[in-house]
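Trainee: Each residue of the sequence shown is one higher than the one before, starting from 1 at the first, in the numbering used here. Next up is a structure, given as structure tokens.
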Amino acid sequence: MSSTWITRAETSADIPALRAINIAAFPTAQEADLVDALRADPSAWIDGLSLVAADENGTPVGHALLTRCHIDDAPALCLGPVAVRPEKQNRGVGSAAVLAALTAAKSKGEHYVIVLGHPTYYPRFGFTRASTHGIGLTIEVPDEALMALTLDANHPLPSGTVRYAAPFGI
């Protein structure tokens, strides 16, 4: 069992493996289809922000994706999907992929990240409830599931409504 995961940016050779990871990790192909649609959307896709977590053999086993969104007019990133092959879950793969994605985003000068996800998982990365910062969505979601993070303390989170990339359908 590996406790160290190799993280790196996605390459074109990874695309079939990442699709397979998303299909295996979720009950339907909806997330895998979303990743494909985001990859095809030039207004959403940012090279270097689709991160792979691989095992000691270099085989991709996890994936974290950051794409462009906005908080009102402020550019931000949307984290998701985050996927791990079921047999590798609960071993730090997802955490490694998310941390690598956040590090890559910060190195690109990005400031804000939004996630709609499990409220017990994402706070470990510094995410807090978005509503406490005046951030919301145009659809109803559980308040604790929408979270936000600033990657730079010199850039406090703006308030406003999150506008996701078109493939999200939100």
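All residues carry an ideal CB built from backbone N, CA and C; glycine is no exception.
#1: For the candidate residues E87, V82, S107, G109, whose alpha-carbon lies nearest to that of A96?
#2: Could you give the distance in angstroms between the alpha-carbon of L157 and the alpha-carbon of L146?
#3: Let me make sure I understand the geometry here. Which of E56, F127, T4, G92 has the alpha-carbon closest to that of L77?
#4: How is G94 classed by DSSP in three states: helix, strand or coil?
#5: If V162 sits next to C69, beta carbons under 8 angstroms apart, how far is it from one beta carbon to the other, in whole angstroms?
#6: Taking a contact to mean a Cβ-Cβ separation below 9 angstroms, would you say A53 touches I6 in this structure?
#7: How about A101 and L149: do their beta carbons lie closer than 9 angstroms?
#8: Quick one: what's P60 bridged to in DSSP?
#9: Within 10 angstroms of the Cβ of N22, are there 16 or more other Cβ atoms? Answer buried if so, exposed if not.
#10: Compare the Cα-Cα distances from T172 to each of E87, G117, G58 and report the closest residue.
#11: Assuming R85 contacts A24 (C-beta within less than 8 angstroms), just tell me the rounded distance between them.
#12: Would you give the residue range spanned by the beta strand (DSSP E) that I114 belongs to?
#13: Between the C-alpha atoms of G48 and L99, what's the straight-line distance to the nearest angstrom?
#14: What is the residue span of the beta strand (DSSP E) that A25 lies within?
#15: Could you tell me whether the Cβ atoms of S35 and L79 are closer together than 9 angstroms?
#16: Just the Cα atoms here: how many angstroms apart are R129 and D14?
#17: Sort out for me which residues DSSP pairs G136 with in a bridge.
#18: For a quick check, are the C-beta atoms of E87 and P119 less than 9 angstroms apart?
Mentor: With the structure as the only source:
#1: V82
#2: Near 14 angstroms, if we compare the C-alpha coordinates of L146 and L157.
#3: That would be F127, whose Cα lies nearest to the Cα of L77.
#4: helix
#5: 6 angstroms
#6: yes
#7: no
#8: A54
#9: buried
#10: In this structure the chain extends from 1 to 170, so residue 172 is not present and cannot be described.
#11: Indeed, because the Cβ distance is near 5 angstroms, the residues count as touching under 8 angstroms.
#12: Per DSSP, I114 belongs to the beta strand (DSSP E) from 112-116.
#13: 14 angstroms
#14: Run containing A25: none in the beta strand (DSSP E); it sits in the alpha helix (DSSP H), 15-25.
#15: What sits at residue 35 in the sequence shown is Val, not Ser. No, these two residues do not count as a Cβ contact at 9 angstroms.
#16: 33 angstroms
#17: T161
#18: no
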